[in-house]
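Novice:
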Amino acid sequence: MTLSVEARSKTILICEDDENLRQLIRVVIGAGYHIVESGDGDEALELAKAHHPDLVILDLMLPRLSGMDVLRLLRRESGADGTHILVMSAWPDADGAAIAAGADAFLQKPFEPDTLTAIVQEVLGDPEANA
4 MTLSVEARSK TILICEDDEN LRQLIRVVIG AGYHIVESGD GDEALELAKA
54 HHPDLVILDL MLPRLSGMDV LRLLRRESGA DGTHILVMSA WPDADGAAIA
104 AGADAFLQKP FEPDTLTAIV QEVLGDPEAN A
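Mapping of the sequence shown onto the working numbering: residues 4 to 134, in sequence order.
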C-alpha cells in the first residue's frame, strides 16, 4: 500500500470513551494517518486545539462533556474551520441533530468497517488511503 504524502500528514482525532472501540476504529481506518485519541469530551477539545486535526471521529455519549457539546464548541472555534467531524452514535435519531449542529457526516453504531473507511476517505478527500 502506497500512501500519498498528503494522506500520511493528515491527523485524525478519535474521541470515544470505549477503549476497545477506539482501538477498532484505529485499526479500521488504517496506518496512513497520524492518530490522536481521547476518552472524554474535555480532553477531545484540548487535543483538537493542540493538534488541529483534519478529522474528528466523535462519539455523542462521552463522560465530562457530551459529544454534542464538543461538536458545537469545535464549530465555534475559528481554528477548527478546516476540521471535518464524523459523529458516531448508537442513538438512532441523532443524525439530524448532529448534522444540524455542524457534523460533516454521521455513522450509526454498530457500524460496518467498510462504511467507516469510505466515510473517512471521502471527507478527507483521499480515496487511495486504504487501497
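Heads up, the beta-carbon is just placed ideally off N, CA and C, and yes, glycines get one too.
If you're wondering where the values come from, they're calculated on a predicted model, not measured in any experiment.
(1) With distances taken Cα to Cα, identify the nearest neighbour of C18 among L127, G42, E49 and H54.
(2) Skipping 5 residues on each side, what residues in its chain have a beta carbon closer than 7 angstroms to that of H3?
(3) Does the segment 96–105 come close enough to the segment 113–130 to have 3 or more Cβ pairs within less than 8 angstroms?
(4) Enumerate in chain order the residues of its own chain whose CB-to-CB distance from A47 is below 6 angstroms, with the five nearest sequence positions on each side excluded.
(5) How many angstroms separate the CA atom of A134 from the CA atom of Y36?
(6) In or out: D56 buried (at least 16 other Cβ within 10 Å) or exposed?
Specialist: So, to answer that:
(1) By one-based count along the sequence shown, residue 18 stands at place 15. Closest by alpha carbon: G42.
(2) A query on residue 3 cannot be resolved here, the shown segment of the chain reaching from 4 to 134 and no further.
(3) Not touching, per the Cβ criterion.
(4) Within the sequence shown, the letter at position 44 stands for residue 47. Result list for A47: C18, S41 and V73, in chain order.
(5) Within the sequence shown, residue 134 is the residue found at index 131, counting from 1. Within the sequence shown, residue 36 is the residue found at index 33, counting from 1. For A134, the predicted structure reports a pLDDT of 44, less than 50, and the residue's modelled location is therefore unreliable. The matter cannot be settled from this model.
(6) Sequence index remark: in the sequence shown, residue 56 carries index 53 (1-based). Per the sequence shown, residue 56 should be read as Pro rather than Asp. Buried, because 16 or more other Cβ atoms sit within 10 Å of the Cβ of P56.
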